[in-house]
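Colleague: Each protein sequence line maps, in turn, to chains A and B.
Here numbering that gives the first Met the number 0 is used: the first sequence runs in plain steps of one and ends on residue 435.
Here numbering that gives the first Met the number 0 is used: the second sequence runs in plain steps of one and ends on residue 435.
This is the structure I want to talk about, given as structure tokens.
Protein chains: 2
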Amino acid sequence: MGKKVIIVGGGFAGLKAAKVLGGREDVEVTLIDRANHHLFQPLLYQVATAGLSESDIAVPIRNILSGFSNIKVLHGEVETIDFQKKLVCTDFGCHPYDDLILACGVQHAYFGKEEWESHAPGLKTLEQAAEIRRRILSAFETAEREDDEAIKRRALTFVVVGGGPTGVELAGAIGEMSRYTLSRDFRNIDPKLTRIILVESGDRILSSFPRKQSSRATRDLENLGVQVWTKSSVSSITEKGIEVAGDKIEAMTVLWAAGISATPLNQRLGVELGPQGRIVVDAYLNIPDVPHVYVAGDQAAFTGASGKVLPCLSPVAIQQGENIAKNILRSFDGEPREPFDYVDKGQMATIGRSRAIVDLGFLRLQGFIAWLTWLLVHIYFITGFNNRMSVFLKWCLSYVTNKKGARIIPGATWRFFDTLPQAPEEAKTKKIPPHE
Amino acid sequence: MGKKVIIVGGGFAGLKAAKVLGGREDVEVTLIDRANHHLFQPLLYQVATAGLSESDIAVPIRNILSGFSNIKVLHGEVETIDFQKKLVCTDFGCHPYDDLILACGVQHAYFGKEEWESHAPGLKTLEQAAEIRRRILSAFETAEREDDEAIKRRALTFVVVGGGPTGVELAGAIGEMSRYTLSRDFRNIDPKLTRIILVESGDRILSSFPRKQSSRATRDLENLGVQVWTKSSVSSITEKGIEVAGDKIEAMTVLWAAGISATPLNQRLGVELGPQGRIVVDAYLNIPDVPHVYVAGDQAAFTGASGKVLPCLSPVAIQQGENIAKNILRSFDGEPREPFDYVDKGQMATIGRSRAIVDLGFLRLQGFIAWLTWLLVHIYFITGFNNRMSVFLKWCLSYVTNKKGARIIPGATWRFFDTLPQAPEEAKTKKIPPHE
């Protein structure tokens, strides 16, 4: 019987920690996730816009870890944690731990306007992506079959709230879709007349990028027919549409990419919470005064060298998962632990099918070359050879044929409350899809 | 303004009819379907068993037909038809027709035990396939995390009701999955201990095949760990399990592949109904005394030369769709119509990953060579180059790696009552579809 390590969450942070601990026979690892799959969230917006299928960006966690005989993967939901008794209590019983790694990610926040959720879904899980895809495709179908011009216009108006990478990528993908993918498929409407509005409350989109790159991204979006409204805040969202700074916009489809907050679990832990309700951790990603309990990824509020809390990005999650796992092994081996030090690898975002912006600090790229960089990085990092092949094939095909492979509308799958976000990552992305 | 032809249903029959009528500028075609996609139903069981993704076997109907400027595709549901006024009334208004082609297919029947539906889903739509996949994968997850042996056993017991091709393919695929795909992924259970029971009320499975081939299929199933219970009828199905001829079987997963009945629409039409409530048609697939209204595919009860009503098979649907469309064009051109004559191309069914039986009448194959034939035929006929590539790639990969690409559990998507079966083709016997 080795030391018991429990990891909660099979996202970027949890998975990385598991891989580091994997193979150590003196450590018994249990990974618990309420989903059975690891989600490659940087490409989630492609599922939402019919470029990829669910199974292209999701891999069963137990499949990824099946090579490690010391790792057990359990499908379930954590309800509470007893730090005194060192127990993780789930919907299938309580489990003792020697060391605990929390990596549950975050979910969307509506700034206290939770009633907006059903009118403006967020994009964190596969189910949400499927629901967004259903809404986008159904809107075009409605416009095609309706004779009432007002309804047609409402159906062909899409509003994306939030000018971060996810919002930009969603808006760009919808522009791409309406201009190219769908253009030949309809008889009663011209998809090119689709109205797409990206709403951002700040003074520019992609504010984490240099100013010059933001404005380049804005131009690229406008070339795809996306109207970018900055300094605009949302005052209401209903089934009819959205009200932005006094303007009423009749829209059948409103998408939310504007804010995040920690999972409800955090409130139940009685620990200090930082911005967005994320758990405050020390230099070792340890919860202060709660020995052997670590937090990684979006769920953690770690204050970096800059004095700022690190953003919700996959590189942060991966590096933190690795640091925690290594420190756990070090303490088992009686070695001193090492404080976490974030190595910034830069950031990227894509706009439409062949444009992106890449900021590596020392190097800044835009346009096609940036997009190529984006493409290679994502093809390289997506989990699983199988998916990599499939994604790459679909992208090549769609790049040539300009069609989307996953334009299927199943019955509604809107069940936000059944599903917790996987280990997040404010999407950095690109788009390009397939189809005969 | 050309003649108005309305096609209801975008399955094998409706799609074939549309393609024949496509490009004729003197004909205005409207195809109405409650799904936005054409479904390649012969492979639906692969989606249900995580071998393929939804988008591998489904293609947007308007995408398939986008090349024909005289065809309009509308996403909606037919409520009633007024034969006098020649109107098709849908959830988005009534539409006039000169000629009408009905190809709505069939749905599952529970022989008056509709309460069984929620405990034993059938396999007709993408949503049902996703739900079946969710139940199968969740059962293994439950067994892995449970300590109670009784619950473990219940979770690892799968019952498939109905020994036709769909039932055989489902049972075989589950056997394959438990023996090979999942074997290395679990720690607390041995998936090889999975109990799979195929229940058939008749005296043999695959009764439409020669007796020798049925028994070969039975042996192949048993090699995959499937128990075949013939002459066994179901007396009850509950959330606890199933009762077969007095035996109570505790099973978490029960699947239904035992019976079909026509869509509710048929009852509302006030026409003569044949077996399974399918619409009786004359030699021209015309509803007697209802001029200009034709029925094709599973929805039609056409009595063949043999004096028997033709089975629910894709080749029947495709040939009937073609005959109707050609006759409509003939009458527009003032030529005499030709009665429908079914050309039987043979039938096939597959068992697991590398076995099948093929009956071409003059030639009978079993085992690996039959499976290769099955593979080539299905790769060839699946709609869409892109899907063909993707399906082929996934099969090659999974054949080599023994992994399944689509083992993702999204939130429950069980909404049978929102979704009617797609247009035609009972996933029954895979007859070899004729040339396109």
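Just so you know, even glycine gets a beta-carbon here, dropped at the ideal spot from N, CA and C.
Using only the alpha-carbon positions, how far apart do Ala138 (chain B) and Ala172 (chain B) sit?
Modeller: Here residue 138 (chain B) refers to the residue found at position 139 of the second sequence. Here residue 172 (chain B) refers to the residue found at position 173 of the second sequence. One C-alpha to the other measures close to 15 Å.
Colleague: Output yes or no for whether 9 Å exceeds the beta carbon distance between Ala49 (chain A) and Arg132 (chain A).
Modeller: Translated into positions along the first sequence, residue 49 (chain A) becomes position 50. Translated into positions along the first sequence, residue 132 (chain A) becomes position 133. Yes, these two residues count as a Cβ contact at 9 Å.
Colleague: Taking the DSSP output, what are the residues bridged to Gln365 (chain B)?
Modeller: Walking along the second sequence from the start, residue 365 (chain B) turns up at place 366. Partner(s): B:Ile356.
Colleague: Inspect the beta-carbon positions of Gly273 (chain B) and Val308 (chain B) and report whether they are closer than 9 Å.
Modeller: Numbered from its first residue, the second sequence carries residue 273 (chain B) at position 274. Numbered from its first residue, the second sequence carries residue 308 (chain B) at position 309. Against a cut-off of 9 Å, the Cβ pair of Val308 (chain B) and Gly273 (chain B) comes out as a contact.
Colleague: Within the same chain, show all residues whose beta-carbon is closer than 8 Å to that of Gln212 (chain B), passing over the 5 residues directly before and after it, in chain order.
Modeller: Within the second sequence, the letter at position 213 stands for residue 212 (chain B). Around Gln212 (chain B): Leu205, Ile356, Asp358, Arg363, Gln365.
Colleague: Would you please state the rounded distance, in angstroms, between the beta carbons of Phe11 (chain A) and Gly296 (chain A)? I believe it to be under 8 Å.
Modeller: Numbered from its first residue, the first sequence carries residue 11 (chain A) at position 12. Numbered from its first residue, the first sequence carries residue 296 (chain A) at position 297. With 8 Å as the limit, Phe11 (chain A) and Gly296 (chain A) qualify as a contact, their Cβ atoms being about 6 Å apart.
Colleague: Can you check DSSP and say which residues form a bridge with Gln106 (chain A)?
Modeller: Mapped onto the first sequence, residue 106 (chain A) falls at position 107. In the DSSP output, where bridge partners are listed per residue, Gln106 (chain A) has A:Ser260.
Colleague: Against chain A, does Asp343 (chain B) count as a neighbour if the rule is that its beta carbon must be under 9 Å from one of theirs?
Modeller: On the second sequence, residue 343 (chain B) is found 344 positions in, with the first residue counted as 1. Not closer than 9 Å to any Cβ of chain A, the Cβ of Asp343 (chain B) fails to qualify, so no.
Colleague: Would you check if the region 43–60 of chain B and the region 77–94 of chain B touch, i.e. whether three or more CB-CB distances between them fall below 8 Å?
Modeller: Result no; under three Cβ-Cβ pairs closer than 8 Å.
Colleague: Taking DSSP as the reference, what is the three-state secondary structure of Val72 (chain A)?
Modeller: Sequence index remark: in the first sequence, residue 72 (chain A) carries index 73 (1-based). Reduced to three states, the DSSP call for Val72 (chain A) is strand.
Colleague: Of the residues that make up the region 25–46 of chain B, which ones have a beta carbon closer than 8 Å to any beta carbon in chain A?
Modeller: Answer in chain order: Ala34, Asn35, His36.
Colleague: So which of B:Glu238, B:Leu43, B:Leu268 has the shortest CA-CA distance to Val390 (chain B)?
Modeller: Position 391 of the second sequence, counting from 1, holds the residue named residue 390 (chain B). Nearest option by C-alpha distance: B:Leu43.
Colleague: Using a beta-carbon distance below 9 Å, is Asp189 (chain A) in contact with chain B?
Modeller: Numbered from 1 along the first sequence, position 190 holds the residue referred to as residue 189 (chain A). No, no contact with chain B.
Colleague: By Cβ distance below 6 Å, which residues in the same chain neighbour Ala16 (chain A) in space, the five residues on each side in sequence not counted?
Modeller: Working through the first sequence from its first residue, we reach residue 16 (chain A) at position 17. Contacts found: Ile6, Ile100, Gly320, Ile323, Ala324.
Colleague: Beta carbon of Ala170 (chain A), beta carbon of Ile188 (chain A): below 9 Å?
Modeller: Along the first sequence, one-based indexing puts residue 170 (chain A) at 171. Along the first sequence, one-based indexing puts residue 188 (chain A) at 189. Result no, Cβ atoms of Ala170 (chain A) and Ile188 (chain A) do not sit closer than 9 Å.
Colleague: Taking only beta-carbon positions, decide if Thr510 (chain B) is within less than 9 Å of chain A.
Modeller: The structure shown has nothing for residue 510 (chain B), since chain B only spans 0 to 435.
Colleague: Can you check whether the C-beta of Glu140 (chain B) is within less than 9 Å of a C-beta belonging to chain A?
Modeller: Position 141 of the second sequence, counted from the start, is the residue given in the question as residue 140 (chain B). Output row for Glu140 (chain B): interface = yes.
Colleague: Here's the rule I'm using: 16 or more other beta-carbon atoms within 10 Å means buried, otherwise exposed. How should Gly1 (chain B) be labelled?
Modeller: The residue you call residue 1 (chain B) lines up with position 2 of the second sequence. Classification of Gly1 (chain B): exposed, given that the 10 Å Cβ count is below 16.
Colleague: Within 10 Å of its beta-carbon, does Gly13 (chain B) have 16 or more other beta-carbons around it, so buried, or fewer, so exposed?
Modeller: For the purposes of this step, residue 13 (chain B) is taken as residue 14 along the second sequence, with counting starting at 1. So Gly13 (chain B) ends up on the buried side.
Colleague: Whole angstroms are fine: how far does the CA of Gly345 (chain A) sit from the CA of Trp305 (chain A)?
Modeller: For the purposes of this step, residue 305 (chain A) is taken as the residue at position 306 of the first sequence. For the purposes of this step, residue 345 (chain A) is taken as the residue at position 346 of the first sequence. Note on identity: in this sequence residue 305 (chain A) is Ser, with Trp being the wrong assignment. So the alpha carbons of these two residues sit roughly 15 Å apart.
Colleague: Just to confirm, are Arg153 (chain B) and Lys239 (chain B) a CB contact at a threshold of 9 Å?
Modeller: One-based indexing of the second sequence puts residue 153 (chain B) at position 154. One-based indexing of the second sequence puts residue 239 (chain B) at position 240. Closer than 9 Å, so yes.
Colleague: Could you tell me the alpha carbon to alpha carbon distance between Pro310 (chain B) and Glu24 (chain B), rounded to whole angstroms?
Modeller: As a position in the second sequence, residue 310 (chain B) is number 311, starting the count at 1. As a position in the second sequence, residue 24 (chain B) is number 25, starting the count at 1. Going by the C-alpha atoms only, they are around 34 Å apart.
Colleague: Just to confirm the assignment: which complete alpha helix (DSSP H) runs, minimum length 4, are found wholly within the region 149–227 of chain A?
Modeller: Qualifying alpha helix (DSSP H) stretches, in chain order: 164–175, 210–222.
Colleague: How long is the line joining the alpha carbons of Ala411 (chain B) and Gln45 (chain A), rounded to whole angstroms?
Modeller: Counting from one through the second sequence, the residue named residue 411 (chain B) turns up at place 412. Counting from one through the first sequence, the residue named residue 45 (chain A) turns up at place 46. A caution first: Ala411 (chain B) carries a pLDDT of 38, below 50, which makes its placement in the model unreliable, though a value can still be read off. Going by the C-alpha atoms only, they are around 22 Å apart.
Colleague: Would you say Phe82 (chain B) faces chain A, with C-beta separation under 9 Å as the test?
Modeller: The residue labelled residue 82 (chain B) in the question sits at position 83 within the second sequence. Answer no: the Cβ-Cβ gap between Phe82 (chain B) and chain A never drops below 9 Å.
Colleague: Could you give the distance in angstroms between the alpha-carbon of Gly436 (chain B) and the alpha-carbon of Phe331 (chain B)?
Modeller: The structure shown has nothing for residue 436 (chain B), since chain B only spans 0 to 435.
Colleague: Report the neighbours of Gly9 (chain B) on chain A: residues whose CB is nearer than 9 Å to its CB, in chain order.
Modeller: Taking the second sequence and counting its residues from 1, the one referred to as residue 9 (chain B) is at position 10. Correct list: empty, because the minimum Cβ distance to chain A is about 12 Å.
Colleague: Could you work out which residue in A:Ala261, A:Ser260, A:Ser232 is closest to Lys247 (chain A) when comparing CA atoms only?
Modeller: The residue you call residue 247 (chain A) lines up with position 248 of the first sequence. Selected option, being the one with the closest Cα: A:Ser232.
Colleague: Quick check: Tyr179 (chain B) and Arg352 (chain B), are their CB atoms within less than 9 Å of each other?
Modeller: Locating residue 179 (chain B) in the second sequence gives position 180, counting from the first residue. Locating residue 352 (chain B) in the second sequence gives position 353, counting from the first residue. Yes, the pair counts as a contact, with Cβ atoms nearer than the cut-off.
Colleague: Exposed or buried, which one is Pro120 (chain A) when buried takes at least 16 other CB atoms within 10 Å?
Modeller: Sequence index remark: in the first sequence, residue 120 (chain A) carries index 121 (1-based). Counting Cβ neighbours within 10 Å, Pro120 (chain A) comes out buried, since at least 16 surround it.
Colleague: Can you check which of these residues, A:Asn69, A:Asn35, A:Val159, A:Ser68, is closest to Glu53 (chain A) by C-alpha distance?
Modeller: Position 54 of the first sequence, counted from the start, is the residue given in the question as residue 53 (chain A). Among A:Asn69, A:Asn35, A:Val159, A:Ser68, the Cα nearest to that of Glu53 (chain A) belongs to A:Asn35.
Colleague: Taking Cβ-Cβ distances shorter than 7 Å, what residues in chain A pair up with Arg183 (chain B)?
Modeller: Reading the second sequence from its first residue, position 184 is the one you call residue 183 (chain B). Those within 7 Å of Arg183 (chain B) in chain A are Ser65.
Colleague: Compare the C-beta of Gly92 (chain B) against all C-beta atoms of chain A and say whether one is closer than 9 Å.
Modeller: For this step, residue 92 (chain B) is matched to residue 93 along the second sequence. Yes, its Cβ sits closer than 9 Å to a Cβ of chain A.
Colleague: Which class does Val4 (chain B) belong to by DSSP, given the choice of helix, strand or coil?
Modeller: On the second sequence, position 5 is the one that residue 4 (chain B) refers to. Looking at Val4 (chain B) - three-state DSSP - the assignment turns out to be strand.
Colleague: Quick one, are the C-beta atoms of Gly276 (chain A) and Ala261 (chain A) less than 9 Å apart?
Modeller: By one-based count along the first sequence, residue 276 (chain A) stands at place 277. By one-based count along the first sequence, residue 261 (chain A) stands at place 262. In contact: Gly276 (chain A) and Ala261 (chain A) (Cβ atoms closer than 9 Å).
Colleague: Hey, Asn69 (chain A) and Leu30 (chain A): beta-carbon distance below 9 Å or not?
Modeller: Here residue 69 (chain A) refers to the residue found at position 70 of the first sequence. Here residue 30 (chain A) refers to the residue found at position 31 of the first sequence. Going by C-beta atoms, Asn69 (chain A) is not nearer than 9 Å to Leu30 (chain A).
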